[in-house]
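One structure is given below, encoded as structure tokens.
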Amino acid sequence: MIRVLRNWWAEASLAAAFVALTAALVWWPPLLDLDRAVRDWCDAHRPQWLHTVLVGFDLLGQRALVLPLVLVVAGVLAVRRRAVGPLVLAVVAAGVNSVVVEVLKRWTSRGAPHHGSIEMFSGDPAVEYPSGHVSNGLVYYAVLAVLLSGVLPPLARQLLRWVPGVLVFVGTTGLAWHWLTDSVGGYLLGLLQVLLLLRLGKFSTRGP
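Numbering-wise (our numbering), the sequence shown opens with residue 10 and increments by one.
Structure, rendered in structure tokens:
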């Protein structure tokens, strides 16, 4: 049991952090004050040129744009290697990420910074927690990094794996399209999935 916990300590820590953040948003009002302060600061310090840049960052987490690329790369590798592993990795990653994020959004029912309620479990139709874009920015690019492990050099793989998630975080928070804690929650959830996918990727992308 102790050995299992040691092997999975990172994943367990991320899951615990997400649960703690969610609980704090319910029972610790100062965290909501921080969300409001960050939103107001971003609204007051966002010239048009920066708005355009932030929109570009946010688009990196748009599922409709990134997922087709992931599936094409996975399909090409599956054909070349005559193995279903790459497709399995891509489909499982997309499916799990979409289902988990959607379920959590509907369950927590939290509004957006400029419409709806900041409170968790408010019954608001604008479901924003956790940020799906931020989670996408981690999960989909991590899958691409795994799939392209035989093509890209190590540094390029690391940049592909980690940079998009940070940019999406900055973009969606800076635009005040998500509360700061929405983005933090999305990052924790996405990072947890990335670590699990890296375990799956060790065998799912191998050829016959």
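Positions of the beta carbon are idealized from the N, C-alpha and C atoms, including for glycine. Quantities reported herein were computed from a predicted structural model and do not represent experimental measurements.
Worksheet item: Under the three-state reduction of DSSP, which class applies to THR214: helix, strand or coil?
Response: As a working note, residue 214 is residue 205 in the sequence shown. Low per-residue confidence applies at THR214: pLDDT is 46, beneath 50, and the placement is therefore not dependable, though the value from the model is reported in the following sentence. Of the three classes helix, strand and coil, the one that applies to THR214 here is coil, per DSSP.
Practice prompt. With a threshold of 16 other CB atoms inside 10 Å of the CB of ASN106, please say whether the residue is buried or exposed.
Written response: Numbered from its first residue, the sequence shown carries residue 106 at position 97. By the neighbour-count rule (16 or more Cβ atoms within 10 Å), ASN106 is buried.
Worksheet item: With distances taken between CB atoms, is the gap from SER131 to SER118 smaller than 9 Å?
Response: The residue labelled residue 131 in the question sits at position 122 within the sequence shown. The residue labelled residue 118 in the question sits at position 109 within the sequence shown. Yes; because the gap between Cβ atoms is below 9 Å, this pair is in contact.
Worksheet entry | Complete alpha helix (DSSP H) runs within the region 54-92 (minimum length 4 residues, chain order) | 57-68 and 72-90
Worksheet item: I think GLY194 touches LEU30, with their Cβ atoms under 8 Å apart; what is that distance to the nearest whole Å?
Response: Along the sequence shown, one-based indexing puts residue 194 at 185. Along the sequence shown, one-based indexing puts residue 30 at 21. Going by Cβ atoms, the distance from GLY194 to LEU30 rounds to 6 Å, so yes, they are a contact pair.
Item to complete: Compare the beta carbon distance of LYS114 and TYR138 with 9 Å and say whether it is the shorter of the two.
Response: Indexing the sequence shown from 1 puts residue 114 at position 105. Indexing the sequence shown from 1 puts residue 138 at position 129. Yes, the pair counts as a contact, with Cβ atoms nearer than the cut-off.
Worksheet item: Taking the alpha helix (DSSP H) that PHE27 falls in, what are its first and last residues?
Response: To locate residue 27, count along the sequence shown from 1; it is residue 18. Its alpha helix (DSSP H) spans residues 18-36.
Worksheet item: Does DSSP put HIS271 in a helix, in a strand, or in coil?
Response: Look at the range of the chain in this structure, 10 to 217, and you will see that residue 271 is not part of it.
Worksheet item: With burial defined as no fewer than 16 other Cβ atoms inside 10 Å of the residue's Cβ, what is the status of SER158: buried or exposed?
Response: Against the sequence shown, residue 158 aligns to sequence position 149. Burial call: exposed.
Worksheet item: Going by beta carbon distance, what residues of the same chain come within less than 8 Å of LEU169, once the five residues before and after it are set aside?
Response: Locating residue 169 in the sequence shown gives position 160, counting from the first residue. TYR150, LEU153, ALA154, LEU157 and LEU161.
Worksheet item: Mind checking whether GLY174 and LEU68 have CB atoms under 9 Å apart?
Response: Looking up residue 174 in the sequence shown gives position 165. Looking up residue 68 in the sequence shown gives position 59. Cβ distance not < 9 Å, so GLY174 and LEU68 don't count as in contact.
Practice prompt. Please report the Cβ distance between VAL64 and THR182, rounded to the nearest whole angstrom; I am assuming they are in contact, meaning their Cβ atoms lie under 8 Å.
Written response: Here residue 64 is taken as the residue at index 55 of the sequence shown, counted from 1. Here residue 182 is taken as the residue at index 173 of the sequence shown, counted from 1. Contact flag wrong, Cβ pair sits at about 13 Å.
Item to complete: Check whether the Cβ atoms of PRO95 and LEU86 lie closer than 9 Å to each other.
Response: Numbered from 1 along the sequence shown, position 86 holds the residue referred to as residue 95. Numbered from 1 along the sequence shown, position 77 holds the residue referred to as residue 86. It is a contact, given that the beta carbons lie within the stated cut-off.
Worksheet item: For the putative contact between LEU176 and PHE66, defined by C-beta atoms under 8 Å, what is the C-beta separation to the nearest angstrom?
Response: Stepping through the sequence shown from its first residue, residue 176 is reached at position 167. Stepping through the sequence shown from its first residue, residue 66 is reached at position 57. That pair is a contact at about 4 Å.
Discussion item. Assuming LEU161 is part of the alpha helix (DSSP H), what are its boundary residues?
Written reply: The residue labelled residue 161 in the question sits at position 152 within the sequence shown. LEU161 -> no alpha helix (DSSP H), and no H or E assigned at all.
Worksheet item: Considering only C-alpha positions, which residue in the set GLN167, HIS142 and PHE27 is nearest to GLN71?
Response: Numbered from 1 along the sequence shown, position 62 holds the residue referred to as residue 71. Minimum Cα distance to GLN71 is reached at HIS142.
Discussion item. Using only the alpha-carbon positions, how far apart do GLN57 and LEU197 sit?
Written reply: The sequence position of residue 57 within the sequence shown is 48, counting from 1. The sequence position of residue 197 within the sequence shown is 188, counting from 1. Going from the Cα of GLN57 to the Cα of LEU197 covers about 30 Å.
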